[in-house]
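Residue numbers (this note's numbering), protein chains in the order written: chain A, 1 to 209; chain B, 1001 to 1209; chain C, 2001 to 2209; chain D, 3001 to 3209.
Protein chains: 4
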Amino acid sequence: MNTTARISTFTAIPEPKRERGRQRVAAIMDAAVEVFSEKGYDAATMTEIAARSSTAIGSLYRFFPSKEALAQALLRRYAQHVSASLSELAEQVERLSMDGLAGALVDFMQALQSQRRLAVALIDARAGNDDLRKRFRTEARAGVARILQRAIDGIAPAKANAMAAVLLHLLKGIAVAADETPAMQAVLTGEIRELVRLYLVAARREARG
Amino acid sequence: MNTTARISTFTAIPEPKRERGRQRVAAIMDAAVEVFSEKGYDAATMTEIAARSSTAIGSLYRFFPSKEALAQALLRRYAQHVSASLSELAEQVERLSMDGLAGALVDFMQALQSQRRLAVALIDARAGNDDLRKRFRTEARAGVARILQRAIDGIAPAKANAMAAVLLHLLKGIAVAADETPAMQAVLTGEIRELVRLYLVAARREARG
Amino acid sequence: MNTTARISTFTAIPEPKRERGRQRVAAIMDAAVEVFSEKGYDAATMTEIAARSSTAIGSLYRFFPSKEALAQALLRRYAQHVSASLSELAEQVERLSMDGLAGALVDFMQALQSQRRLAVALIDARAGNDDLRKRFRTEARAGVARILQRAIDGIAPAKANAMAAVLLHLLKGIAVAADETPAMQAVLTGEIRELVRLYLVAARREARG
Amino acid sequence: MNTTARISTFTAIPEPKRERGRQRVAAIMDAAVEVFSEKGYDAATMTEIAARSSTAIGSLYRFFPSKEALAQALLRRYAQHVSASLSELAEQVERLSMDGLAGALVDFMQALQSQRRLAVALIDARAGNDDLRKRFRTEARAGVARILQRAIDGIAPAKANAMAAVLLHLLKGIAVAADETPAMQAVLTGEIRELVRLYLVAARREARG
DNA sequence: AATGAATGAGGCTTCATTCAT
DNA sequence: AATGAATGAAGCCTCATTCAT
């Protein structure tokens, strides 16, 4: 690795240009996540996002040519994250009990926590992005449906899809619970987990007919 | 012409003032529900709300001193509606089977449909109203918890409360499903209903120990 | 006339609402003429127009919903003015000698002077208003062609039209000369007048064959 | 391959530097003509001019320290071009009939066509360059006046000057006609040519007394 | 009390210009 | 000398709110 070599020149050459740009973009996106999450799409201002990421407003617009574009980029990133997480989970499904799967799904949602509020802000609060929203939902649903199909032998595809929709909604409850006291949060998470398990077990029973 | 007649009573009784005011307020709130629902809190404009309710903007501000105040009033009205519905449901609980209760809860949420979008617009999309939101949640939760306590003998108050929270979230899924095709909507509603029933039955089993 | 009557109440009731609005609009348009003339369409700013007419920027936008709309209104007003002037001239044509007509045309252009710079600013300097510009030109040309047809017996319509175009351009020279010293201005105006006369006479000779 | 050969001379003569610079400047100016012509001074952007000439924005600013400076350079080049054309024409004047001169003047203007739009964009659309504009006019006028003096024996210098001004304006009509249909364009050009001839002949008659 | 014209802060976005590399 | 990322002033426009009528 050339890491060592690099460090030696680090002070001399602050940063390879491209790297700087990447950091800029990352800083902007992080700030955007914060601001959009806190205020919602409309109330968030580009000026504040620029300020929080210590970026000049003009620079922000070099990377994201509009507020909408910034929101979309965030949403895309989130969608990819969700997709990846679900794919990963799908691989492990065969090794999991119904109970284990319930836990895994809850964990999956908990890991999304911080970004979740953002997605809500961007998806729920806006007009005109119905397309993106729908694509996003469809994808997530498909991901969960795939997991269900592996987890529950003989489940009808339509049932898996409907179930996936309900499960995703139910799991969202975990993120929503973020406003509660930590104690309450734990209780609710447990409750949801149990309900997920119930749901899975019932579906399996039904599938086996 | 009745002009003369009118004039004679005009100064004396300029029309039951209170009544007129109430109508105005109602018209404004209805228009506000429409506009907030369609566009979300931020994108809704006071001017449009005034126009849709055929109210002069100045008059609107006489009744509601700010956009925020108008939103809060709407939210309060919604909260009362929810409370009342839940109280009503609570009265009927004893006559219902577990299955019947599941159906009743789903129906309750479906009846809220139209106003639901509004509440989402006002609650999700905004910062700074955490207080109102929390009070709102607490109330709804208490209402459902009361129902559960009546429906499930021996359920622990804490459990009833947690369950109420999860149930409410789950039921919200019905409103969210509003964006789906009617067919999918029906499927999802059925799925949720079944899951609610499962949840109730399991809770009863647990309560009976 | 009710002028006298009005004056008596003038101080008491500053202005019938509508009248106020009309004054506002007039003030704005006058300021806009100034600013557009001085700087051209692009460089002119709505803020400056508002300031020069002592209007709040918001009020300006109440009357003219965009910079473009303001420009169009100005252009329309100018077009009407030109049309009216030409119509008036057309009525007098029969009473005029060729020399008199040349003078009248020059006078017509001189009367337009101040607004001319504006039209140049709005027409020449902008993209996207080709339509308006063309309509404007066509109208002015038609107006002059009508005059020529009355002034020169037997002139072919096509010839009248072409001549009108050239005449209008030639007369524009008077407005352009506005940047010269007064002395030079007078000389140029005379020169143009003479050339117009020459043109008319030659056309008549040709028409008579 | 000549790569080797090149390398050998590379350090010694990094390409005739001056030549490279000149090419760069030329490329920039050509791109600038395009962009200014298409969009007008204000709407044209330095970034686009840089891009169209494949120049880094920083390099552009090395050669032209401001947008204004670039515009002035373009105008200067145009002025020189006009001057040169007029000088050339002046040399041939003695060999031309009055009719031939009219044609030559029209041709001269037609040859300017493409650059004409530019000059309009730069001269008409902007404030603050009155100086340059005046100098430009004076020069062009002087050039034409010189031609007139050669073409018309005994013409008074003042008359030649005034006539030059009017002639130049009249000829501008050819450029303005660029927006018309080709057919109309031809008609107008012919009409203008005839009027120029008329003007010249009349001036000669007058000069001869 | 009702009306709606007026106000101006503030949002999004562009682009001439600078400056670190 | 060349490059292009960074800067921030400034433009257009919206809309919550006020206030004269």
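Backbone N, C-alpha and C fix where the C-beta goes; we use that ideal spot for every residue, glycine too. No experiment lies behind these values; they were computed from the predicted model shown.
For A/Tyr199, the C-beta contacts it makes with chain B under 8 Å involve Leu1195, Leu1198, in order along the chain. Taking 8 Å as the upper bound for CB-CB distance, A/Ile147 and A/Leu195 are not in contact here, some 17 Å apart.
Proximity to C/Leu2168 across D/Ala3164, D/Leu3075, D/Ile3174 peaks at D/Ile3174, based on C-alpha coordinates. Note that the C-beta distance between B/Leu1118 and B/Ser1066 is not below 8 Å. Judged by beta-carbon spacing, A/Val33 lies within the 8 Å limit of A/Leu74, meaning their Cβ atoms are closer than that value. The CB of B/Val1176 comes closer than 7 Å to the CB of His169 in chain A, given here in chain order. Taken in chain order, the whole alpha helix (DSSP H) runs of length 4 or more contained in the region 15 to 74 of chain A are 17 to 43, 46 to 52, 57 to 63. Interface residue (Cβ-Cβ distance to chain A less than 8 Å): B/Leu1188 is classified as such. Using a Cβ distance threshold of 8 Å, C/Gly2143 and C/Ala2207 do not count as a contacting pair. Taking B/Ile1123 as the centre and dropping the five residues before and after it, the same chain places the C-beta of Arg1133 closer than 6 Å to its C-beta, in chain order. Across the region 1035 to 1059 of chain B, CB contacts with chain A closer than 9 Å involve Glu1038, Lys1039, Gly1040, Tyr1041, Asp1042, Ala1043, in sequence order along the chain.
A straight-line Cα-Cα distance of about 39 Å links B/Ala1145 and B/Arg1052. Rounded to the nearest angstrom, the gap between the Cα atoms of C/Thr2189 and D/Tyr3078 is 27 Å. Burial state of B/Arg1116 is buried, judged by a 10 Å Cβ sphere holding 16 or more other Cβ atoms. Within the region 2105 to 2177 of chain C, not a single complete beta strand (DSSP E) segment reaches 3 residues in length.
Under the Cβ criterion of 8 Å, A/Met98 is not counted among the residues facing chain B. Boundaries cannot be given for B/Gly1209, as no alpha helix (DSSP H) includes it and DSSP labels it neither H nor E.
Legend: CB atoms of the region 1144 to 1165 of chain B lying less than 7 Å from CB atoms of chain A belong to residues Ala1162, Met1163, Ala1165. Excluding sequence positions up to five before and after B/Phe1063, its CB lies within less than 8 Å of the CB of Gly1021, Arg1024, Val1025, Ile1028, all in the same chain and listed in chain order.
By the Cβ neighbour-count rule, A/Arg141 is buried, with 16 or more other Cβ atoms within 10 Å of its own. Judged by DSSP in its simplified three-state form, B/Leu1096 adopts coil rather than helix or strand. Contact annotation for A/Glu191 against chain B: Ala1162, Met1163, Val1166 [CB-CB distance below 7 Å, chain order]. At least one CB of chain A lies nearer than 8 Å to the CB of B/Gly1173. Short of 7 Å from the beta carbon of D/Glu3094, and not among the five residues preceding or following it, lie these beta carbons of its own chain, in chain order: Arg3150. Going by beta carbons, A/Asp42 and B/Asp1042 fall inside the 8 Å limit. When DSSP states are grouped into helix, strand and coil, C/Glu2180 belongs to the coil group. The shortest CA-to-CA distance from D/Arg3135 to any of D/Asp3099, D/Gln3080, D/Lys3159, D/Thr3055 is the one to D/Gln3080. The beta carbon of A/Ala111 sits no closer than 8 Å to any beta carbon of chain B.
For B/Ala1202, the nearest beta carbon of chain A is closer than 8 Å to its own beta carbon.
With fewer than 16 other Cβ atoms from the protein chains shown falling within 10 Å of its own Cβ, C/Glu2019 counts as exposed. C-alpha of A/Met184 to C-alpha of B/Ala1162: approximately 8 Å in a straight line. A/Thr55 is classed as buried because its beta carbon has at least 16 other beta carbons within 10 Å across all chains shown.
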